[in-house]
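Undergrad:
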Amino acid sequence: QDFTGAAPECEIIVVKLKQAKRYLREFYLVSQDADAYQENDIMMGIKYLRVTAFRLGRPLIILIALGSNLGSHEGTSPLSSDASRFLGRAAVIAAGNETGRAHHHFGTIPSGQEWDDVEIRVGPEESARGFSLELWASTADTYSVGFVSPSGEIISRIPIIARNETSIPFLLEPTVITVNYQLIESGAGKQLIFMRFRNPVAGIWKVRVYNTQYFTGEFHMWLPSEGLVSDETVFLRPTPDTTITLPGNTAAPITVGAYNHLNNSIYIHSSRG
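Read in order, the letters of the sequence shown are residues 73 to 345 in our numbering.
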């Protein structure tokens with residue numbers, strides 16, 4: 073066929089990633105069948121490409137068609153740093169397809185309001201396993217959380233104890249929620265609340281977010297990206313913005329959205345900044 077691409081004389085190196093280890097899948101409650109990869113393995117793949125390009129004395133363009141909803145979405149992870157530009161090297165990264173998936177919630181608690189309920193509809197697929205959830209403070213705010221189960225069982229505000237993990241079993245459901253507070257996450261310098269829902273019953277769960285130290289009252293919450301959680305587990309009040317996946321939300325690389333050639337427009341799920 074007579075076809076010439078944009079860079080007809082380039083040579084291609086392909087790195088095949090191995091699947092994430094079982095213990096990490098169990099920790100993040102990811103199915104053993106899902107395609108999931110470890111950040112350090114991806115970084116080792118980048119190192120291999122970098123060393124090969126240096127050995128051959130050639131420039132290098134790295135394509136990373138992977139993404140994660142975990143993290144601050146501010147390009148502060150180790151992988152984000154590894155994907156930054158250097159002389160003779162650049163990265164092109166997929167933005168992700170998270171806009172219409174209802175995996176992101178942006179919340180605001182006005183001054184004087186004690187809490188805000190963030191509703192999550194949990195699908196039956198997650199009941200057999202579970203899912204993880206992250207809350208990130210926008211600035212210098214500090215938050216704590218409580219929960220309301222589909223049956224109405226209320227777990228009051230869990231106190232903030234730095235570097236301590238709290239497990240909460242429910243009386244009316246076979247569910248255990250684990251909460252870990254990180255007051256100052258090492259990369260972004262903001263508070264992170266990491267939550268694991270093990271065997272949650274299907275239905276509407278409420279994460280009751282309390283503003284413990286008020287500055288702006290703003291926070292973000294992210295569910296896992298498409299493929300790592302079922303389509304039925306979603307926020308009931310989602311926000312389509314701030315959905316570019318890691319490491320595409322890093323400042324230096326070229327991050328590419330998806331294009332719908334059928335109607336000459338951006339693909340409806342293409343992630344937004």
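Note that CB positions come from ideal geometry on N, CA and C, so glycine has one too.
The model shown is predicted, which means the values in this text are computed figures rather than measured ones.
1. What is the DSSP secondary structure of I114, reduced to helix, strand or coil?
2. Look at the alpha carbon of H176 and the alpha carbon of K88, and state the distance between them as a whole number of angstroms.
3. Measuring straight from C-alpha to C-alpha, what distance separates F158 and L132?
4. At the level of alpha carbons, what is the spacing between G179 and R268?
5. Taking all protein chains shown into account, do 16 or more other C-beta atoms lie within 10 angstroms of the C-beta of V217, making it buried, or fewer, making it exposed?
6. Whose C-beta lies closer than 7 Å to the C-beta of A137 among residues of the same chain, with five residues either side of it excluded?
7. Do you know offhand how far A162's Cα is from G345's?
8. Indicate whether the contact test is met: 3 or more Cβ pairs, each with one atom in the segment 282–293 and one in the segment 205–221, closer than 8 Å.
9. Pair every Cβ in the segment 299–315 with every Cβ in the segment 180–189, then say whether three or more of these pairs are closer than 8 Å.
10. Per DSSP, S140 is paired with what?
11. Taking the Cβ atom as the reference point for each residue, do T250 and E237 lie within a distance shorter than 7 Å?
TA: The relevant details are as follows:
1. helix
2. 30 Å
3. 10 Å
4. 20 Å
5. buried
6. A166
7. 20 Å
8. yes
9. no
10. L318
11. yes
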